[in-house]
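Everything on this sheet refers to the single structure shown next.
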Amino acid sequence: MSKTKLLLDVVTDLISLADSLKTVAEALANNEPAERPKEEQPQPEDQPEKRQVTLEEVRAVLAEKSHDGFTANVRALLQKYGASKLSEIDPTKYSSLLSDAEGLK
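Take a look at the structure:
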């Protein structure tokens, strides 16, 4: 076979390939929804959902720490959060208070 014949065969094959690709692209375009849904941000699995800490949970940990000899530290934590007793603390701060209390050693 001559080089010219081989080049013509390659060109014919490329044209056939282009036609096939065009057909596939058109088929995909017809199957796509008109409007793409917005991508939702997945929740990272590393971070647990924040749950509401209750007064009873905080009271139990503070009572345990006080019983273990950290009464002065417990009072200092309450004052840090602007209260002289637990019932005066804003419930939105319970999580932070609980974390601080669990850190007492």
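Numbering (UniProt numbering), first residue to last: 1 to 105. Idealized CB from N, CA, C, for every residue including glycine.
Residue range of the unbroken alpha helix (DSSP H) whose run includes residue i
i: P9; result: In the sequence on display, residue 9 carries Asp and not Pro. Its alpha helix (DSSP H) spans residues 3-31.
i: T71; result: 71-80
i: E56; result: 55-65
i: L104; result: Per DSSP, L104 belongs to no alpha helix (DSSP H) and is neither H nor E.
Same chain only: Cβ atoms within 7 Å of residue i, ignoring 5 sequence neighbours per side
i: S95; result: V53
Counted within 10 angstroms of its Cβ, other Cβ atoms place residue i as buried (16 or more) or exposed
i: K65; result: buried
i: I15; result: exposed
i: L17; result: exposed
i: residue 107; result: The structure shown does not extend to residue 107, since the chain is modelled only from 1 to 105, so the question has no answer here.
i: V24; result: exposed
Same chain only: Cβ atoms within 8 Å of residue i, ignoring 5 sequence neighbours per side
i: A29; result: none
Cβ pair count under 8 Å reaching 3, the stretch 85-100 against the stretch 55-63
yes
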